[in-house]
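Every letter in the first sequence is one number past the one before it in the numbering used here, and letter 287, counting from 1, is 468.
Glycine is no exception: its CB is placed at the ideal position from the N, C-alpha and C atoms.
Note that the structure is predicted; figures quoted are calculated from it, not measured.
Working notes, structure below.
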Amino acid sequence: MSPRNQNIRPVRKAENRWRIYPVGTMRVPVDIFASEALISVMDTETIHQLTTAASLPGVAGSVICMPDAHSGYGFPIGCVAGFCAGKEGIISAGGVGYDIGCGVRTLLTDIPAAEVYARRGEIADALFRAIPAGLKGSSHLSLNAEEIKQILHEGAAWAVRNGMGEKEDLWHTEENGCVAGADAAQVSTEARQRLTGQLGTLGSGNHYLEIQIVDSIHDTAAAAHFGLAENQIAISIHSGSRGTGHQIATDYIKAMQNALPDGHPAPDPSLAYAPLTSDLGRRYLAAMKAGRNCALANRQTIAHMVRKTFLRLFPSCRITQLYDVSHNTCNEEHHVIEGQSRRLFVHRKGATRALPSGHAALGPLFDATGQPVLVGGSMGTASWILCAARGAEASMYSANHGAGRLLSRAQARKRQQPRSLMDALKHAGISVRTHSPQLLAEEAPLAYKDVDHVTDTACATGIARKVARLRPLICIKG
DNA sequence: ATGTGC
């Protein structure tokens, strides 16, 4: 169904802007935000997945591709696609992906950098003990069925209600820490049970807990508003919905593959979809929201354990939350399409929402700066804190989520010896703790794009502005 | 991403 065999070439529209005009089954164009260098490393599979997304029923405006995009399951990672609410629109479980609600939370501390440098090994060991990580990392908390149901409905607010955080944390979290409309009844028993021993665990893959230092400030006013200063110590948590979100995705991808509407063959089994108005579509929406809440509660719980660990080591320290934002979501939003305000269901996979100052959906807390955008780098490289800018109107109010993979996990394993990576990180002054040096190699810097170039590109297009660059000092990995 | 594939 998708125009795979046609010779598709993005047309250069402006500096760092490219467009794929509709051909074959494509209903809308694809708008790519990338430099020449970044577009040259996007493989044919990524381009194919973008044009496939642009071929789905009810797709609105254009499909957006971020500078960090690479191929994924169904949609590429780094893709934004909105679908009209109502009869013609669809929702796709593969479009959101397996790690529902995966995102980044950044906390700010008042601990002098010199003290962190002096006690780096001790801090790394304490965090590694306190925060379960890796595929088998199991939680210190054990949850019963009622608690799991509450978490799926309440998100981070559940953790705060149970003494794991402050209400200020929720103000500094997307959706105030709770996605409305979640329904645990649409989440299978198996998916719910998988949370039993997993709340407050980091997971594996590119998930991490990093202690970082603010390396440079690029927007003094926004940095002051965010509470950021040069040489400040920050904490970033990159994690998701663990087994629960994965199981929700598995369940609904299967169900959508088995229940495709008549006359609407899926372009690809990984991109099976359901009409938004169908029972299955509505059920997935409610289950996906529960998955987002699971991820929000997970990061809130991890943040609480990190705070407890730091308070033991630095009893007088103060740790506040800058922001928490997910980058694997489907969200109901209003967008202006061809001059008309439309209600859309916007899938963001490996892309964050980016509301500029003055946008009606942005709360008062960040109206002066625009919504914070947390860009996680690869292990051992920098992260960026950006704020959404006016140009985000052209990206359906979205920005990039990271550096983006350059090599597949298998390719990375071939090119990176685990031992030499550990040595290189140590040499770079980064204290790494991991349960699996083998999996660590898959996350080696050589497997990722240059986060500074990706960030430069995103900001050059006007979708976001640089606020601060963060450099890792301690990294806890699965 | 994932109690790692059907």
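Exercise for review: Report buried or exposed for Asp604, applying the criterion of at least 16 other Cβ atoms within 10 angstroms of its Cβ.
Suggested key: The residue in question, Asp604, is exposed, as its Cβ has fewer than 16 Cβ neighbours within 10 Å.
**Study point:** Counted within 10 angstroms of its Cβ, other Cβ atoms place Gln619 as buried (16 or more) or exposed
**Key:** Here Gln619 is exposed, its C-beta having fewer than 16 other C-beta atoms within 10 Å.
Review point. Is there contact here, the segment 514-521 with the segment 487-505, by at least three beta-carbon pairs under 8 Å?
Key: Here the segment 514-521 does not lie against the segment 487-505, with fewer than 3 beta-carbon pairs under 8 Å apart.
Review point. For Val297, which of helix, strand or coil comes out of DSSP?
Key: The three-state secondary structure of Val297, taken from DSSP, is helix.
Practice item. Determine, using beta carbons only, whether His419 and Tyr465 come nearer to each other than 7 Å. Key: In this structure, Tyr465 does not lie closer than 7 Å to His419 by Cβ.
Check your understanding: Across which residues does DSSP place Phe256 in a beta bridge pair?
Key -> Beta-bridge partners of Phe256 (DSSP): none assigned.
Check your understanding: Got a sec, what are the start and stop residues for the beta strand (DSSP E) Met247 sits in?
Key -> Judged by DSSP secondary structure, Met247 falls within the beta strand (DSSP E) whose first and last residues are 240-251.
**Study point:** Continuous beta strand (DSSP E) stretch holding Asp604: start and end
**Key:** Asp604 -> not in any beta strand (DSSP E); alpha helix (DSSP H) instead, spanning 599-608.
Review point. Under the three-state reduction of DSSP, which class applies to Ile189: helix, strand or coil?
Key: DSSP, reduced to helix, strand and coil, places Ile189 outside both helices and strands of the structure shown, so it counts as coil.
Exercise for review: Might you give, ordered along the chain, the residues of its own chain that have their beta carbon closer than 8 Å to the beta carbon of Ile220, omitting 5 neighbours on each side?
Suggested key: Cβ neighbours of Ile220 beyond the five flanking positions: Pro191, Trp199, Ile213.
Point to revise | Stretch-stretch touch, CB-based, cutoff 8 Å, three pairs: the segment 501-521 with the segment 553-567 | key: Counting Cβ pairs under 8 Å, three or more are found: they touch.
Check your understanding: Taking the C-alpha atoms as reference points, what is the distance between Cys640 and Arg646?
Key -> CA-CA distance, Cys640 to Arg646, rounds to 5 Å.
Exercise for review: Have a look at Glu624 and Ala580 and give me their C-alpha separation to the nearest angstrom.
Suggested key: One C-alpha to the other measures close to 22 Å.
Point to revise | Classification of Lys630 by the beta-carbon crowding that lies within 10 angstroms, buried from 16 upward | key: It counts as buried.
Practice item. Take Leu441 and list the residues in its own chain whose beta-carbon comes closer than 6 Å to its own, dropping the five residues that flank it on each side. Key: Cβ neighbours of Leu441 beyond the five flanking positions: Ala447.
Practice item. Starting from the Cα of Gly572, find the closest Cα among Ser538, Val209, Val613 and give me that residue. Key: The shortest Cα separation from Gly572 among Ser538, Val209, Val613 belongs to Ser538.
Review point. Taking C-alpha atoms, which residue in Arg534, Ile398, Glu356, Cys475 lies nearest to Arg375?
Key: Among Arg534, Ile398, Glu356, Cys475, the Cα nearest to that of Arg375 belongs to Cys475.
Review point. Expressed to the nearest angstrom, what Euclidean distance is found between the alpha-carbon atoms of Glu574 and Gly362?
Key: Approximately 26 Å between the Cα atoms of the pair.
Practice item. Mind reading off the beta-carbon distance from Gly551 to Gly315? Whole number of angstroms is fine, and I expect it under 8 Å. Key: Not a contact, Cβ separation roughly 36 Å.
Check your understanding: What alpha helix (DSSP H) runs, 4 residues minimum, are completely inside the segment 300-361?
Key -> Scanning the segment 300-361 from its first residue to its last, the whole alpha helix (DSSP H) runs of 4-plus residues come out as 301-311, 326-335, 337-342, 348-352.
Practice item. Report the rounded CA-to-CA distance for Lys317 versus Thr287, giving the unit in angstroms. Key: Across the structure, Lys317 and Thr287 are spaced so that their CA atoms are roughly 25 Å apart.
Check your understanding: Pairing CB atoms from the segment 408-415 with CB atoms from the segment 292-304, are three or more of them under 8 Å?
Key -> Yes: at least three Cβ pairs fall under 8 Å.
**Study point:** Start and end residues, alpha helix (DSSP H) containing Gly284
**Key:** Careful: Gly284 lies outside any alpha helix (DSSP H), inside the beta strand (DSSP E) at 284-290.
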